[in-house]
Amino acid sequence: MNRTEQPAPATPVHTCFTLRFSSTPRGARLARRLCSERLDSWGVPYGSDGHDVLSLLVAELTANAVTHGHVAGRDFRVHLLALSAPATSLTVRVEVTDTRGDRLPAPATPDAGLLPTGGRGLLLVESLADRWGCAPRPDGPGKTVWAEYTVDAVAGYRRSGACS
């Protein structure tokens, strides 16, 4: 929906989850599974619309990091942040950082003719996320691509510790 270059969240971070993964399809798959588990532990239950959308955002951004941001011998990082205090909703930010800064993401233009089997990941991100964008990596070569999504009515939110 809204694409911006804003690298940092505008609201306070309540809790987060960060891990590095090998820049391989297996690494992307593991990132998706671990983020999915973390979302459930935060009270965004498996099978809910919010969980499904956030899992898809993680899947698309990590697949792009592996496919387009791969640098031999370098990992990618996933940072999952719970941004807003969950009175009735929770905003989750997904950040994926790779080490290839020369290839900045842009959503493909939908082709009305032939239906390609790939190239629509960022179109999905753009249509599902409340906001998304990219920024140069501040601590080295590369970039961070991020997306935010607000989950409504998070009744069982559980803070899992401070963010470092």
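In full-length UniProt numbering, the protein residues as written are 1 to 164. We put the beta carbon where it would ideally sit given N, CA and C, even for glycine. Model, not experiment: these values are computed from the prediction.
- A direct Cα-Cα distance of roughly 12 Å separates G101 from F76.
- Taking T24 as reference, the option from L128, K143 and G73 with the minimal CA-CA separation is G73.
- Within the DSSP bridge table, the entry for P136 names K143 as partners.
- The three-state secondary structure of R32, taken from DSSP, is helix.
- Around the beta carbon of G50, 16 or more other beta carbons sit within 10 angstroms, so the residue counts as buried.
- By the beta-carbon neighbour count (other beta carbons within 10 angstroms, threshold 16), D139 is exposed.
- For D40, same chain residues with a beta-carbon under 6 Å away, outside a window of 5 residues either side, are Y46 in chain order.
- Per DSSP, the unbroken beta strand (DSSP E) holding H79 starts and ends at F76 to A82.
- If you ignore the 5 residues before and after E60, its C-beta comes within less than 6 Å of the C-beta of G121, L124 and V125, all in its own chain and listed in chain order.
- Going by beta carbons, T150 and D130 fall inside the 7 Å limit.
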